[in-house]
Every structure is written in C-alpha cells, then in structure tokens.
Ligand code: SF4
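Residue numbers (my numbering): 10 to 183.
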C-alpha cells in the first residue's frame, strides 16, 4: 500500500468514455495524448478497462442510453478514483441541454472532481485538468491509507492487535 501511495500519481491510467458527445471533445483528448501535447509525459495511459483505471474522463452529456453505462463503469473502477467532466456538455449538458433524450451534465449520476469547460475544449485545458486530478488522486490515496497506518502502528499484545485502541484513534481523526 505504501508503494501505491508513492507511484499511483506517477502512472495514472485513464478510462475515456463518450456519454453522448459530438466527438469534438474526444478528438481533443486524442490530440492531448499525441506527441505534440504529450499528456503521456505524466505517465498517463489510456486503458479500456475500468477495473485498472484511476481517472475517468467523460465527454458529452448523459443520455437515456448512456446513463446506466456511466454508473456501471464508475462503480467498476477501484478506489481511489477521480472523475473529470471534459467539455461543456459533460459539465452542464452544453448545447444539448434540455433536449428530449438528454439528461444534462454527468454530475447528475456520478460525483465529478474536475470540470473542464469549453466547446470544444482544448488539449491545454485537458492537460491542466489531468494535473489537477493527479493532486486529488494523491489526496484520496492518503485519506484511504489513514486507517491502515493506524492499524500498522497499533500495539500488539501476545500477537493480537489491539483494535479497540485503533478504532478510538480513527474517531479522533474524524
Ligand atoms: S462540448 Fe462541444 S465539442 Fe465537446 S462534445 Fe459537447 S458539443 Fe461537442
């Protein structure tokens, strides 16, 4: 777990999902991964597997067809995870807001950590959003490790960890 804390920020894997966009923001994501903008210099890899991803990049508004998929993908991702809404559509519904088959921004269904504005957004803004997400990911990793660190520091009495003391320490943190 200690190693995860140290290295997760250095090699975050992203999951890119188009919830119903016009493809404009998706092209910008691909451009940001290209050698010109080189998002991969932060160790980022675009993976197609939610179970191996740390950062969820979503473009487009939530539609009736994509709402179940987006929640399913989010729940399959392991903790800690960070969600980035890419483009005005995923932030608020954008130009599709109020249409019959559209349900506005993605934060109606999943919690969003970073919002990237723009229609279409730009590779520079996407890189800025991912860098913000790395700090949030590091913070979430530290939060997750707190109770484990307390258990590791707990006194052992005849080979048995005193869990009651640990629980009290966790209460102090809250
Ligand atoms: S924000 Fe604009 S470019 Fe991006 S998916 Fe929506 S309509 Fe397309």
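Note that the Cβ used here is the ideal one computed from N, Cα and C, for glycine as well. No experiment lies behind these values; they were computed from the predicted model shown.
Residue environment, residue i, which counts as buried when at least 16 other CB atoms sit within 10 Å
i	result
residue 90	buried
residue 102	buried
residue 123	buried
residue 182	Its pLDDT being 46, under 50, residue 182 is placed unreliably in this model, and the value from its coordinates should be taken loosely. Residue 182 should be labelled exposed.
residue 179	Note that residue 179 scores 47 on pLDDT, short of 50, meaning its location in the model is unreliable; the coordinates nonetheless yield the value given after this. Result: exposed.
Coarse secondary structure for residue i, derived from DSSP in three states
i	result
residue 73	coil
residue 26	strand
Beta carbon of residue i nearer than 7 Å to that of residue j
i	j	result
residue 37	residue 132	yes
residue 29	residue 75	yes
residue 95	residue 72	no
residue 83	residue 119	yes
residue 129	residue 33	yes
residue 39	residue 65	no
residue 53	residue 21	yes
residue 57	residue 93	no
residue 152	residue 18	no
Any non-hydrogen atom of ligand 2 within 6 Å of residue i CB
i	result
residue 31	Summarising the ligand content, the structure contains ligand 1 and does not contain ligand 2.
Presumed contact (8 Å Cβ cut-off) between residue i and residue j, rounded CB distance
i	j	result
residue 113	residue 70	6 Å
residue 136	residue 46	6 Å
C-beta neighbour in chain D for residue i, strict 7 Å
i	result
residue 130	The structure shown has no chain D; it contains just one protein chain.
Discussion item. Threshold first: 3 residues or longer. Then list the beta strand (DSSP E) segments lying entirely within the segment 81 to 151, N to C.
Written reply: 91 to 95, 123 to 125
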